[in-house]
Amino acid sequence: MMRRVVPVVLMVAVAGWVDAVGLLYFLGHIGIFTAFMSGNLTRVVTSFAAGEGIHGLLYASVIACFAAGVLVGRMLNDGRRAREASALFVEALLLAAAAATTHTRNGEAFVLMLMAASMGCNNVAMRAARGWAPRTFVTGTLVSLVTGLADALAGRAAWSELGAPAVTLAALMGGATGGVLLATVEQLDVVLLVPAVTVALIALALATRLIPTHESG
């Protein structure tokens with residue numbers, strides 16, 4: 127089980143890393159999420175309401191790229207080992223492309239789009255492992271953690287049920303912290319290559335059977 131859970135948790139950390147780095151680098155302009163789409167959805171509406179149509183279109187474009195990443199990742203990953211590894215490699219390639227695009231003139235918007243597409247893929251590139259899933263959104267996880275805590279305190283559930291949501295939240299925060307810390311000393315391309323390499327290594331481990339498939343895990 128752990129050989130499957132650990133890479134899933136690492137994928138959550140990748141999401142935290144990429145989202146935090148995206149916010150950090152682009153906050154000076156409009157502040158946009160590359161992994162957490164709920165915030166972008168509300169900003170589409172508020173931007174147009176405030177007469178900032180260009181910003182609204184940028185938010186909408188990032189959401190569309192995220193959705194495209196989900197679509198491609200889901201079409202690739204049907205649960206079989208080779209297809210799951212392929213979806214992971216696509217995510218790694220999107221992150222590597224984002225890193226490479228940082229060197230192009232006026233390529234900021236393309237970096238955002240590629241990061242968002244990679245995070246859409248992140249949600250579906252690996253199947254869930256016994257309740258553990260590589261999600262880029264954790265509001266539901268936070269609710270699960272707090273409701274689980276309430277149930278445990280009331281004697282309605284076991285304390286062990288807090289493990290998955292607590293570790294998932296910790297992974298997201300840990301990834302975000304790591305990304306921000308590296309961003310203070312390195313250029314954006316280097317910062318984005320770290321999650322790209324991480325996902326590529328997970329894909330390689332899956333392809334070479336170091337990680338069990340969803341069915342066998």
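Here the sequence shown is numbered in my numbering, starting from 127 and rising by one per residue.
The C-beta atom is built at its ideal place from N, Cα and C for all residues, glycine as well.
Since we're looking at a predicted model, the values are computed, not measured.
Taken in chain order, the complete alpha helix (DSSP H) segments of 4 or more residues contained in the segment 188-231 are 207-227.
Bridge pairing for A255: W258 [DSSP].
Between the segment 187-203 and the segment 212-221 there are three or more C-beta pairs closer than 8 angstroms, enough to call the two in contact.
Taken through DSSP and simplified to helix, strand or coil, A235 comes out as helix. Taking 8 angstroms as the cut-off, the beta carbon of P133 is found no closer than this to the beta carbon of M299. For N166, the three-state secondary structure derived from DSSP is helix. If one requires a minimum length of 4 residues, the alpha helix (DSSP H) runs lying completely within the segment 251-317 are 265-279, 289-309, in chain order. Between V138 and T303, the alpha-carbon positions lie close to 13 angstroms from each other. The continuous alpha helix (DSSP H) containing L136 extends over residues 128-152.
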